[in-house]
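Take the sequence shown: its letters are residues -31 to -1, 1 to 139, numbered as in mature numbering (1 follows the signal peptide of the UniProt record, and there is no 0).
Ideal placement from N, C-alpha and C gives every residue a C-beta, glycine not left out.
Worksheet: one structure, shown below.
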Amino acid sequence: DLGTRESMAVNTAPWVTSLWLVLSTLGACLAYPSGPPGYVCDEMLPSHQGSKQLKGSDSPYHLVQEKVAFQPNDLIMVTLYSESTDFMGFMVKALDEHGNQVGHFERGSVYKPLRGCSSATHVNQKKKKTVNMLWKAPASRTGEVHFKATVVQNRRLFYLDLMSKIVRKD
């Protein structure tokens, strides 16, 4: 009957609209609000849909470390900061002089270590200007360490390959 079909079409329209709204926002909900999973350690690439990727060297962010050389079990403070622009997320990886992942990050209040790699990431999406992280050297070796970061400014903009610089304490 034509009248029944028309009323069904009218009655299902709000349901279809609601379903579309839920599905269209699902991707945003799955964008790692408490940090990325460990399998992103190698590429350090966020999976935010529709986001723009820029070079770390062009970013308003800085990644600094106290020293390069480490002894067994040394602790090195690593700071990610900006003087002007907040960020929502980040991932920082520790690399030795050969480009291999080395050591691990201690857990902090605004960051956590990632399992399976020598990286740290955000624990929430609150806006930040500074994050201080503590990295611990391996127990059985010496060497040099450098840090590399991906910084998520917002859902649509992130910076890759931000390399650390040395800031020595006097």
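I need the straight-line Cα distance from residue i to residue j, nearest angstrom please.
| i | j | result |
| --- | --- | --- |
| Glu52 | His115 | 22 Å |
| residue 145 | Lys81 | No statement about residue 145 is possible, as the shown extent of the chain runs from -31 to 139 and does not include it. |
| Leu14 | Leu129 | 7 Å |
| Lys97 | Ser109 | 35 Å |
| Gly77 | Leu83 | 12 Å |
| Tyr30 | Gln40 | 28 Å |
| Leu32 | Thr111 | 22 Å |
| Glu66 | Met60 | 19 Å |
| Lys117 | Gly25 | 9 Å |
| Lys21 | Thr90 | 20 Å |
| Ala63 | Asp55 | 23 Å |
| Asp11 | Leu23 | 18 Å |
| Asn42 | Lys36 | 14 Å |
| Thr119 | Lys95 | 16 Å |
| Gly85 | Ser28 | 28 Å |
How is the beta strand (DSSP E) around residue i delimited, first residue to last?
| i | result |
| --- | --- |
| Lys105 | 99 to 105 |
| Val88 | Before going further, note that residue 88 is Ser rather than Val in the sequence given. Counting along the chain, the beta strand (DSSP E) containing Ser88 begins and ends at 88 to 91. |
| Pro82 | 80 to 82 |
| Gly58 | 58 to 65 |
| Asp27 | Here Asp27 belongs to no beta strand (DSSP E), and DSSP marks it neither H nor E. |
| Val47 | 44 to 51 |
Report buried or exposed for residue i, applying the criterion of at least 16 other Cβ atoms within 10 angstroms of its Cβ.
| i | result |
| --- | --- |
| Gly72 | buried |
| Lys68 | Going by the sequence as given, residue 68 is Gly instead of Lys. Looking at its Cβ environment, which holds fewer than 16 other Cβ atoms inside 10 Å, Gly68 is exposed. |
| Leu44 | exposed |
| Ser88 | buried |
| Gly58 | buried |
| Gln122 | buried |
| Ala38 | exposed |
| Gly(-5) | Low confidence applies to Gly(-5): its pLDDT is 36, below 50, so where it sits in the model is not reliable, and the reading given next is rough at best. Gly(-5) is exposed by the Cβ-count criterion. |
| Leu(-2) | Bear in mind that the predicted position of Leu(-2) carries a pLDDT of just 38, short of 50, making it too unreliable to give a figure here. |
Shorter than 7 Å, the distance from the beta carbon of residue i to the closest heavy atom of the ligand GTP, or not?
| i | result |
| --- | --- |
| Val33 | The ligand GTP is absent from the structure shown, which contains no ligand whatsoever. |
Does DSSP put residue i in a helix, in a strand, or in coil?
| i | result |
| --- | --- |
| Gly112 | strand |
| Leu129 | strand |
| Asn123 | strand |
| Lys134 | strand |
| Lys117 | strand |
| Gln40 | coil |
| Gln94 | coil |
| query | Would you say the stretch 125 to 134 touches the stretch 102 to 109, given that touching needs at least three Cβ pairs under 8 Å? | reply | Contact fails: fewer than three Cβ-Cβ distances are below 8 Å.
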